[in-house]
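Undergrad: Convert by adding 963 to the 1-based position in the sequence shown; the result is the number in the numbering used here.
I am attaching a structure below and will ask some questions about it afterwards.
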Amino acid sequence: MTTLLRPHRPHRGVSRRLACLAWLGLFLLASCQTSSLPAIDYRAEMRAFVVKIAETARASQAAFIVIPQNGLELLSAATAPAAVAAYLAAIDGVAREDLHFGYPGDGDATAATITADWLGQIDQAQAAGLVPLAIDYVTSNAQADAALSAAAAEGVIGFATFRRALDDLPEWPVSPPGNNPDDMASLGQIRNFGYLINPGNFADKAAYLAELADSRYDLLVIDLFGVDGNALSAAEVEALQRKPQGGRRLVIAYLSIGEAEEYRWYWRPDWDKLPPGWLERENPAWAGNYKVHYWEPAWQSIICGGEGSYLDRIIDAGFDGVYLDIIDAFEYFEGST
């Protein structure tokens, strides 16, 4: 397997405005494909998928942590209170990118009205007992300080990074906010977190693992796969679960459930010519990434429930939970119908 270098997401590597234009083009190209879909409640299907992941994981690991990124609209639905309640019970926290900086581009201050809307949704999460995380994409130490200070004032666990590719940990601040030697047994105990899911720029696995191990975060979000393209071993994950200043930390695996990625282990070469029915067109903003019909059993079995599923591999490696990305894929399908 080749070295893993995760392509940027539309909201990570380029301006959202450009990404929106790219997706608009995809909507037009794919109109015939998506217009033939039956009437589907795309938000309900995403909630149900997340609940399935949580229930599957907790059948073997009761304290397994589930954190969806973005898609905060799933936290409420006037017409489906039972489904929302099940979703809230299935997740431990929520994450929001660009809360204060990064929208529409790195270092841009997110509009106050947008931040206010997101904070309103975060308030809903907090009222439900969920732990809110925020990721801000900054270009200066002053912006990092401002983002972290604002998050702390809002009761949000913040992470400010200079690397939208998430291919390195920030050098500023020197120590994460709330640096401590305590054991972390649950998401509610963390005071900071680090986010590094693109290890391809590291010279080798040893350098990659050393940077992670030397970091002082209470929680790390990392990829299951390392520099060499192989899954991290249970021993390697266990070593990362010890902070250098003492105390246990939580190590969470990144998992994209709203797109298929052709550099992943599950990708089959024949899909280029004979794609499965659940595979959508390629994301025009990022080569190698494809929207999927995430509600279809064939895709879901790759993620969880099927033999040797992605979730099984994460659990076998000893991770404390999953950080679910492309939760907001429902927006693509809602915009295509």
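Virtual Cβ for every residue (Gly too), placed ideally from N, Cα, C.
(1) Which of helix, strand or coil does DSSP assign to Glu1018?
(2) By DSSP's criteria, Phe1165 is part of a beta bridge. Which residues make up the other side?
(3) Can you give me the C-alpha to C-alpha distance between Ile1185 and Ser1138, rounded to a whole angstrom?
(4) Output the distance between the C-alpha atoms of Glu1199 and Val1190, rounded to the nearest integer angstrom.
(5) Comparing C-alpha positions only, which one of His1256, Asn1164 and Arg1276 sits nearest to Tyr1229?
(6) Classify Pro1136 as helix, strand or coil using the three-state DSSP reduction.
(7) Using 10 angstroms around the beta-carbon of Asn1193, count the other beta-carbons present and answer buried if the total reaches 16, otherwise exposed.
(8) Are three or more beta carbon pairs between the segment 1255–1269 and the segment 1215–1223 nearer than 8 Å?
(9) To which residues does DSSP link Ser1219 through a beta bridge?
(10) Hey, Pro1031 and Ile1266 are a contact pair by Cβ (cut 8 Å); roughly how many whole angstroms apart?
(11) Cα-Cα, which of Asp1145, Asp1177, Arg1010 and Arg1212 is closest to Tyr1050?
(12) Return the first residue and the last residue of the beta strand (DSSP E) that Thr1124 is part of.
(13) Taking the Cβ atom as the reference point for each residue, do Ala1088 and Gly1056 lie within a distance shorter than 9 Å?
(14) Beta-carbon within less than 8 Å of Ala1007's beta-carbon, same chain only, minus the 5 sequence neighbours each way: which residues are those?
(15) Assuming Tyr907 and Phe1064 are in contact, meaning their beta carbons sit under 8 Å apart, how far apart are those beta carbons, in whole angstroms?
TA: In terms of the structure at hand:
(1) helix
(2) None, per the DSSP bridge assignment.
(3) 19 Å
(4) 13 Å
(5) Arg1276
(6) coil
(7) exposed
(8) yes
(9) Asp1288
(10) With 8 Å as the limit, Pro1031 and Ile1266 do not qualify as a contact, their Cβ atoms being about 13 Å apart.
(11) Arg1010
(12) Ile1120 to Thr1124
(13) yes
(14) Ala1040, Ala1043 and Ala1046
(15) Nothing about residue 907 can be read from this structure; the chain reaches only from 964 to 1300.
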